[in-house]
Structures are given as structure tokens and as C-alpha cells.
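Asks:
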Amino acid sequence: MHGKKILITGGTGQVARPVAEALAAANEVWCLGRFTDENARKALEAAGARTVTWDMASDGTDGLPRDFTHVLHSAVARGDGRDFEETARVNAAGTARLMTHCADAEAFLFVSSGVVYNRADSTHRYRVGDPLGGAAPWLPTYPVAKLTAEGVARGLAEALGLPTVIARLNIAYGPYGHGGVPMILFRQMREGRPCAVPREGQNYCNLLHTDDVVRQVPLLWDVARAPARVVNWGGDEEVGFNDLLEHMSALTGVPVRYDRGDRSRETALFDHTERRALIGDCEIGWRAGIARTLAELFEEYRDRIDAHA
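Sequential numbering from 1 applies to the sequence shown in full-length UniProt numbering.
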């Protein structure tokens, strides 16, 4: 993309930051976020992006230009796990403010999550159109946040005639922020803490490297429409969490311990037929992507990882 004016929310996040840094080279990029990490703000500004402190729970859009051509809305108020009403309000109002403010944009991309699906089977490949109403025991308000914002995005896309795509993200990871769920698990391994897994079998997901995120965001904008288009967004490969943990252990030599019980993080496998038909395949295989991410975030293991590869 070249010469566009792009608004990105959640500027320091796993999705937003790499996209902002990549697109700022040839476009005017504005990043909204709370910016509690000053180093992340500086990195964005060094890449050429303009940063604006913005809290979706309290701040409006006054003072922002209206002539953005593209919007990536990835900010989310996950909630505290208890206050469902406030979580719904904040995400609905924040999404509505952005969409009405940028009603003349060429495309609006809302980053949702696979957590919205009613996940009852770890081996089922969820398709757009499968039952919604997901649960997240680790943070019960999170599904409400995404479902509420999806509803607003659908309604305003149609009411405003704003071309919109809702991308239900699987698990993104890479060398930004905390690195995503795989790197959170690796830190547990380093600390000697057991990783929660199901009593039997393993959870499955579609890991998506940030290199693919960056490449695919403009492609998703290209397929936005009104009424809104909904797609699953994850890596092409199916990854078992136990297999992921064992791979990271083999790469680094850090042992993995399992906590088998009822506290594992539920994930979902996606059917990507529609997404692949619209924007094509991913380019980063999960094993190579995990190795690269570990080497970038944990330099002490770099030589071992390179030798293993």
C-alpha cells in the first residue's frame, strides 16, 4: 500500500504494532492506544507512525481527522472477568465511535477472535456460521467483548454503507510485545511452572505469525464489503498445544511440565476455505516461525536454536 491514510487502534498489540510499523514506510499511519509501554510508542514513532493516547473506555474521537482511508480496529477492553455490562458498553461504544467517525473510509477491519465460537470439540474445524456464544473460563468477559463489538460492526457497516471485514483471529505470535500465547507458555516453562493442558489429548489451534499478519491486513481490506464480511483468520497449519510445548523444549533445552486438569486455555481449529479463496495461503510455517520468535525474544537460546535448525 502507498499513499493511504490509515488509523490503527491497539497500537502496541500483537497485531497492530507490526502492521503499523510496516505500513508507516509508505503511508500516513496514526496509532491509537494507551501506550503504557513507552518503548513501544518510541518504536512506532521511529518507524514513522503518529501516536495518540486513547483509552477506548473513556476517550472519544474529537480532534482526530476524518479523512482516513483505512481503519484497523484491534483494540479491545477485555474486562475484569466479572463486569459484563461495562465490558459490553465499552467495546460497543468504542467501535461505534470509530465507525461513525470514519464512515467515509474505503475499508474498516475489525479484529475479532475465535473465542466467539461455542467451542465444544477440540478437533472440530469451526466455520463462519457455526454456533456462537463462546466461553473463556480464564477471562469470562472476553467473549462478550468480541461478540458485542462484532454486532456493532455488522450493524454500522450496513447502516453507514462502510465496507467492513470482521476477521476472527486464532492465535497470533511473533517478536512483538509479550510474543503471543506461545511465548507466554515458554516463560512458564523457563520458570519451572507446569503448563495447563487437558486431562486427555490436547487443544488445537492455527498459529499465525506476525509476518503473515502484516502481509494479509491489506488483502483483508481489499475484500471488505457492506454488509460486513466475516472470515476466520489464522495460520494454515493445525497445531496441538502439547506438540508446540515439546517443540519449544526441543529447540531450547528447557523442560516442559504438564498440569493436566480442567484449567487449560481452550482454543479452536478453523476451517480456512473461505479465507484462502479470498486472500491466499500463509507463508510462515509454525515450526520455523516459533524458532525465529524464540531466538529474537530470548537471545540466550539463539545458538542452540540455530544449531537445532
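Where is the CB? At the ideal position from N, CA and C, for every residue including glycine.
Which two residues bound the contiguous alpha helix (DSSP H) that contains A159?
Replies: From DSSP, the alpha helix (DSSP H) with A159 extends over 142–160.
Asks: With R168 as the anchor, note down where its beta strand (DSSP E) starts and where it stops.
Replies: Element bounds for R168: 164–169.
Asks: Should R275 be labelled buried (16 or more other beta-carbon atoms within 10 Å of its own) or exposed?
Replies: Buried, because 16 or more other Cβ atoms sit within 10 Å of the Cβ of R275.
Asks: I'd like the span of the alpha helix (DSSP H) that includes E296, first residue to last.
Replies: Start and end: 286–297.
Asks: Please identify the residue among T9, E296, D303 whose C-alpha is closest to the C-alpha of L97.
Replies: The question names Leu, yet the displayed sequence has Arg at residue 97. When only C-alpha atoms are compared, the closest one is T9.
Asks: Which of the three DSSP states, helix, strand or coil, is assigned to N232?
Replies: Strand, per DSSP.
Asks: Cα-Cα, which of H2, Y173, S112, E200 is closest to A288?
Replies: Closest by alpha carbon: Y173.
Asks: Note down, in chain order, each residue of its chain lying with its Cβ closer than 6 Å to the Cβ of F35, except the 5 sequence neighbours on either side.
Replies: Cβ neighbours of F35 beyond the five flanking positions: R41, T53.
Asks: If we call anything under 7 Å between Cβ atoms a contact, is I284 one with H209?
Replies: Cβ distance < 7 Å, so I284 and H209 count as in contact.
Asks: What residues in its chain sit with their C-beta under 8 Å from that of T61, if we drop five residues either side in the sequence?
Replies: If we look at T61 and ignore the five residues flanking it on each side, its Cβ neighbours are R97, L98, H101.
Asks: Does the Cβ of N118 have 16 or more other Cβ atoms within 10 Å, making it buried, or fewer, making it exposed?
Replies: N118 comes out exposed.
Asks: What does the Cβ neighbour count give for R168, buried or exposed, with the cut at 16 atoms within 10 Å?
Replies: Label assigned to R168: buried.
Asks: Can you list, in chain order, the residues of its chain whose CB lies under 7 Å from that of P143, leaving out five sequence neighbours each side?
Replies: V115, V116, G134, A135, A136.
Asks: Can you give me the Cβ contacts of V217 inside the same chain, cut-off strictly under 7 Å, excluding the 5 residues immediately before and after it?
Replies: Cβ neighbours of V217 beyond the five flanking positions: V19, L72, L109.
Asks: Residues in its own chain within less than 7 Å of R78 by CB, not counting five upstream and five downstream?
Replies: For R78, where only same-chain residues beyond five positions count, the Cβ hits under 7 Å are L139, T141, Y142, A145.
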